[in-house]
Amino acid sequence: MIRRGLFKHPKNDLEGEIGHDRTPGPFVPENLCVTCPSCRKLLFRDALADTSDVCPRCGWHFRMSARRRIALISDEGTFREQDADVVSQNPLHFPGYDEKIKRARRTEAGKDEVVCGICRIGGLKCCVFAMEPAFMMGSMGTAVGEKITRLFEHATKAGLPVVGFTVSGGARMQEGILALMQMAKTSGAVRRHSDAGLLYIAVLTNPTTGGVTASFAMEADIILAEPGALVGFAGPRVIEQTIRQKLPQGFQRAEFLLEKGFVDQISNRKTQKQLISRLLEFHVGGERTDERL
Amino acid sequence: MWGVSARMNAYEKLLAARSNDRATAKDYIARLFLHFVELHGDRRYGDDPAVITGIGMLGRTPVTVIGIEKGHGTKEKIARNFGSAHPEGYRKALRQMRLAEKFGRPVICFVDTAGAYCGIGAEERGQGQAIAENLTELMGLKVPVISILIGEGGSGGALALAVADEVWMLENAVYSVISPEGCASILWKDSGRAKDAAEHLKITAQDLLSLHVIDRIIPEGLGFSKTCAFLKIQLIRTLNRSRALSTEELLNLRYERFRRIGDHVVYPADST
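Quick note, the sequences are listed as chains C and Z, same order. The numbering used here numbers the first residue of the first sequence as 1 and each following residue consecutively. The numbering used here numbers the first residue of the second sequence as 1001 and each following residue consecutively.
Have a look at this one:
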């Protein structure tokens, strides 16, 4: 009896998890600090906000809410929101979906699934949308599809360029086939906008996958991606399960897509606004004459 | 006319749609189109055997035919990757769509796939981009397009060939945003509940007709040759009707067809 007890005790200690008299680690209040998922550095939230949610040590781009993105990219006070009243319902009466929507609305996302509107970037008027990562992983249901379609239709009518930030886990399966149809619907609106000779810039942020990648994210005239952003059609776990292999390092990351020729540039948050306003500037319509000649 | 299928539940239909002895795109093409000539390759990377493209005669009109082919028998199924196309398959279809537009030929698509392939190569060559490009291309393609779901319609990989003036479905075909197994394992961590998921996802032709996602159900209770005969008459009639429309009307109708889906989601902001 005694011997068994002697051997058992140190084993428990090594495993660590069950040790009941371990000294507690330093208390980290979650609303004050976050750890960088890339380099594990402990960062103060306040300090992070100053660097536009980019880790100062390794450059990791943290997930960012739709409203904060729009605030960062648009000229101060110029953003006018549109279609804020379009929100998800449960069209197929899918079990548990109503509760899921309610729960999502209690998070930081609130009612935002995608925020759409008009703003100025570097003084140039444009339509802008930003998807919300905190609302059911940025998935696309009928409400998201409808808002993006309306935005493109409005931009086509008003002759404005569109700048869009994508983040999405794909089509929202609780809305079944209706979610899938949003891919066709938004693509139709993008096509009409494009046929009208107007510019569409997409910024792919971490992660952009599934039905959003296979529709309006990849249909832009100019596609930018944030450093390290995961962008793909199938998610990495699905691919690993299909091919029963580990995926190579950096697979489906923005840098990988750049190498394969599917994005135009990797865009750092620090210089993003400057880059986008320059691109918009290049596409300002109307004839321009050079005075010097 | 409806036979047994009216009493089948969603999961039974899913199994029927996946069944090994179900007719594939090739079988329909052989029956419906005279003098079919297969045309290969996407002119960019390779030729995807999961997608068959070519030109054939429908009655007295040449039409472009695109079909996702699962194949019969193990050897052919493997060669055709079980009907899961790579990006080059969608780009092969895209090339034929553009040729159809150039020569004013209608396009007829047969869809039968569990989904676009998810593998390393498919991602490297831009599966998402390939599907997206087909969606925008079909939305603006200046010739009539009809898509027929003959078996499984798996998500984006099916939609890439199902943006059309009219989308038809065989009585026992299914069309879904995600496989019921996948849905069950994500939502309930239990792929065994696929049966429930199949029911809730609304994947049958009858459900999709009532949701206005498809326009017509093709009965298949009377056997393959009767189904084909019916299909042929309907295709010819529908194309005759499309011919009376101007290109602008055609494109507006196609746009509106998809524009309507989910546009009812307007609730006052304080509803919850």
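Ideal Cβ placement from N, Cα and C applies to all residues, glycine included.
For residue 1237 (chain Z), no CB of chain C lies under 8 Å from its own CB, so it is not counted at the interface with that chain.
For residue 237 (chain C), the three-state secondary structure derived from DSSP is helix. The continuous alpha helix (DSSP H) containing residue 1195 (chain Z) extends over residues 1194–1201.
The criterion of a C-beta distance shorter than 8 Å is satisfied by residue 1010 (chain Z) and residue 1198 (chain Z).
For residue 1138 (chain Z), no beta strand (DSSP E) run applies; the uninterrupted alpha helix (DSSP H) run containing it begins and ends at 1127–1140, by DSSP. Around the beta-carbon of residue 1115 (chain Z), 16 or more other beta-carbon atoms lie within 10 Å, marking it buried.
Under a 10 Å Cβ-count criterion, residue 1134 (chain Z) is classified as buried, with 16 or more other Cβ atoms of the shown protein chains found around its own Cβ. With a cutoff of 8 Å on beta-carbon distance, residue 1177 (chain Z) and residue 176 (chain C) are scored as near each other.
Within chain C, 146 have C-beta atoms less than 7 Å from the C-beta of residue 1263 (chain Z), given in sequence order. Residue burial is scored here from C-beta neighbours: residue 1214 (chain Z) has at least 16 other C-beta atoms within 10 angstroms and is therefore classed as buried. At a cut-off of 3 residues, the continuous stretches assigned as beta strand (DSSP E) that sit fully inside the region 41–73 of chain C are 42–44.
Against chain Z, a Cβ distance below 8 Å from residue 162 (chain C) picks out nothing, because the smallest value is about 14 Å.
Here residue 157 (chain C) has no same chain residue with a Cβ atom under 8 Å from its own Cβ, once five neighbours each way along the sequence are excluded. Not a single CB atom of chain C sits nearer than 8 Å to the CB of residue 1064 (chain Z). In this structure, DSSP gives residue 38 (chain C) a state outside helix and strand, which the three-state scheme calls coil. Inclusion of residue 1095 (chain Z) and residue 1042 (chain Z) in the CB contact set at 8 Å is warranted, their separation being smaller than that value.
In this structure, residue 222 (chain C) lies near residue 264 (chain C), with their beta-carbon atoms less than 8 Å apart. Non-local C-beta neighbours of residue 59 (chain C) in its own chain, meaning closer than 7 Å and more than five positions away in sequence, comprise 227, ordered along the chain.
Residue 124 (chain C) is bridged by DSSP to C:121.
Residue pairing of residue 82 (chain C) in beta bridges, as defined by DSSP: C:116. Residues of the region 1116–1133 of chain Z that bring their beta carbon within less than 9 Å of a beta carbon in chain C comprise 1116, 1117, 1118, 1119, 1120, 1122, 1123, 1124, 1125, 1126, 1127, 1128, 1129, 1130, 1131, 1132, 1133, in sequence order. Judged by beta-carbon spacing, residue 1105 (chain Z) lies beyond the 8 Å limit of residue 1136 (chain Z), meaning their Cβ atoms are not closer than that value.
DSSP places residue 207 (chain C) in the strand class (E or B) of the three-state scheme.
Residue 174 (chain C) and residue 89 (chain C) have their alpha carbons spaced roughly 10 Å apart. In the structure shown, residue 212 (chain C) falls within a helical segment according to DSSP collapsed to helix, strand and coil. Residue pairing by DSSP places residue 253 (chain C) opposite C:230 in a beta bridge. A check of alpha carbon separations from residue 1088 (chain Z) across Z:1075, Z:1130, Z:1247 identifies Z:1130 as the nearest. By the CB criterion at 8 Å, residue 170 (chain C) and residue 209 (chain C) fall inside the cutoff.
Excluding sequence positions up to five before and after residue 1149 (chain Z), its CB lies within less than 6 Å of the CB of 1111, 1169, 1173, 1175, all in the same chain and listed in chain order. Look at residue 1178 (chain Z): its C-beta is under 8 Å from a C-beta on chain C.
Under a 10 Å Cβ-count criterion, residue 215 (chain C) is classified as buried, with 16 or more other Cβ atoms of the shown protein chains found around its own Cβ.
The residues 1069, in chain order, have a CB closer than 6 Å to that of residue 1026 (chain Z) in the same chain once the five nearest residues on each side in sequence are set aside. Residue 1146 (chain Z) has Z:1108, Z:1166 as its beta-bridge partners, per DSSP. At least one CB of chain C lies nearer than 8 Å to the CB of residue 1200 (chain Z). About 6 Å separates the beta carbon of residue 87 (chain C) from that of residue 143 (chain C), a gap short enough to meet the 8 Å contact definition. One thing to note: residue 1100 (chain Z) has its Cβ no nearer than 8 Å to the Cβ of residue 1037 (chain Z).
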